[in-house]
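Structure, as structure tokens:
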Amino acid sequence: MSTLPNNLKKISLFLERLPGIGEKTANRLAFYFLRLPEEDLKDFSESISTLKEKTKFCKNCFNLTEDSLCEICLDSKRDHSIITVVETVLDLLSFETGNIYDGVYHVLQGKIDPLNHVGPDDIKINELFKRIKAAGEVKEIILATSPDMEGEATAMFIKNKLSELTDSRIKALKITRLAYGLPIGANLEYADYMTLKKAIEGRNKF
Ligand SMILES: [Zn+2]
4 MSTLPNNLKK
14 ISLFLERLPG
24 IGEKTANRLA
34 FYFLRLPEED
44 LKDFSESIST
54 LKEKTKFCKN
64 CFNLTEDSLC
74 EICLDSKRDH
84 SIITVVETVL
94 DLLSFETGNI
104 YDGVYHVLQG
114 KIDPLNHVGP
124 DDIKINELFK
134 RIKAAGEVKE
144 IILATSPDME
154 GEATAMFIKN
164 KLSELTDSRI
174 KALKITRLAY
184 GLPIGANLEY
194 ADYMTLKKAI
204 EGRNKF
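Each residue of the sequence shown is one higher than the one before, counting from 4 in the numbering used here.
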């Protein structure tokens with residue numbers, strides 16, 4: 004490493020700070036940059052240097068965007084009466100990559116986690132309630148928070164709060180939770196007890 008020219012060393016050291024990248028991979032990637040055309044490198048460095056300045060949160064769903072509303076919220080072909088509530092933008096991307104869902108989202112930007120001092124007011128829960136009240140067209144909320152203790156607590160909190168709201172329209176709202184189960188292709192023998200328990204609870208007619 005010490006024999007590398009300064010700039011290349013700096014790039015390699017930066018890459019090494021990225022998750023899952025060790026010193027060897029960082030060096031390999033830095034060398035890869037060196038072989039790229041000048042134009043590509045300029046494009047890439049421009050994107051990096053304006054990343055923070057250009058990236059904002061959608062004011063409706065808190066997905067990432069360069070404008071005030073994200074592409075999903077602006078898409079009139081999507082079903083705006085179904086909102087899937089996720090913890091992070093990465094969770095949203097998982098749904099989008101699979102092309103399996105045509106409703107809209109609400110990104111909480113976290114989950115309720117009392118041990119780490121994250122309460123309901125620290126994430127975008129109130130914004131979700133405001134949105135549901137204001138929209139007037141929401142028929143279903145799919146709670147897609149993670150299946151761990153904090154994710155469950157967050158889903159339960161949202162469900163209870165929504166049930167407390169007296170508006171008759173909100174009373175008619177369907178609240179669902181993602182089904183849990185076994186991964187496709189998995190061997191039952193290796194499934195943990197909780198996954199099997201959830202899978203048997205959520206079994207379907209065959
Ligand atoms: Zn949005």
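Backbone N, C-alpha and C fix where the C-beta goes; we use that ideal spot for every residue, glycine too.
Computed from a prediction, not measured in an experiment: that's the story for all the values here.
When you compare the CB positions of residue i and residue j, do they come within less than 9 Å of one another, or not?
i: Glu90; j: Thr179; result: no
i: Val88; j: Tyr104; result: no
i: Leu146; j: Leu181; result: yes
i: Lys127; j: Gln112; result: yes
i: Ile215; j: Leu176; result: Only positions 4 to 209 of the chain appear in the structure, and residue 215 is not among them; the question remains open.
i: Leu131; j: Ile161; result: yes
i: Leu16; j: Ala29; result: yes
i: Cys64; j: Val121; result: no
i: Leu21; j: Ala33; result: no
Give the DSSP bridge partners of residue i, in chain order.
i: Glu143; result: Ile85, Lys177
i: Lys12; result: Answer by DSSP bridge pairing: none, since Lys12 is not bridged.
Excluding the five sequence neighbours on either side, which residues of its own chain have a C-beta within less than 6 Å of the C-beta of residue i, listed in chain order?
i: Asp116; result: Glu153
i: Asn163; result: none
Quick one: what's got a C-beta closer than 8 Å to residue i's C-beta in the same chain, skipping five residues either side?
i: Asp82; result: Asp105, Gly106, Val107
i: Glu74; result: Thr68
Under 8 Å by Cβ, that's how I've got residue i and residue j pegged, so tell me the actual separation to the nearest angstrom.
i: Glu167; j: Ile85; result: So it is not a contact: roughly 22 Å between Cβ atoms.
i: Cys61; j: Leu54; result: The Cβ separation is near 17 Å, so there is no contact.
Within the same chain, show all residues whose beta-carbon is closer than 7 Å to that of residue i, passing over the 5 residues directly before and after it, in chain order.
i: Ala194; result: Leu185
i: Glu140; result: His83, Ser84
i: Phe36; result: Ile14, Leu44
i: Ala202; result: Tyr183, Gly184, Leu185
*In the stretch 91–161, which residue ranges form an unbroken alpha helix (DSSP H) of at least 4 residues, counting only runs that do not cross its ends?*
Entirely contained in the stretch 91–161, the alpha helix (DSSP H) runs reaching 4 residues are, in chain order, 92–101, 128–138.
*asked:* In chain order, what are the residue ranges of uninterrupted beta strand (DSSP E) at least 3 long that sit wholly in the stretch 33–89?
replied: Correct list: 82–89.
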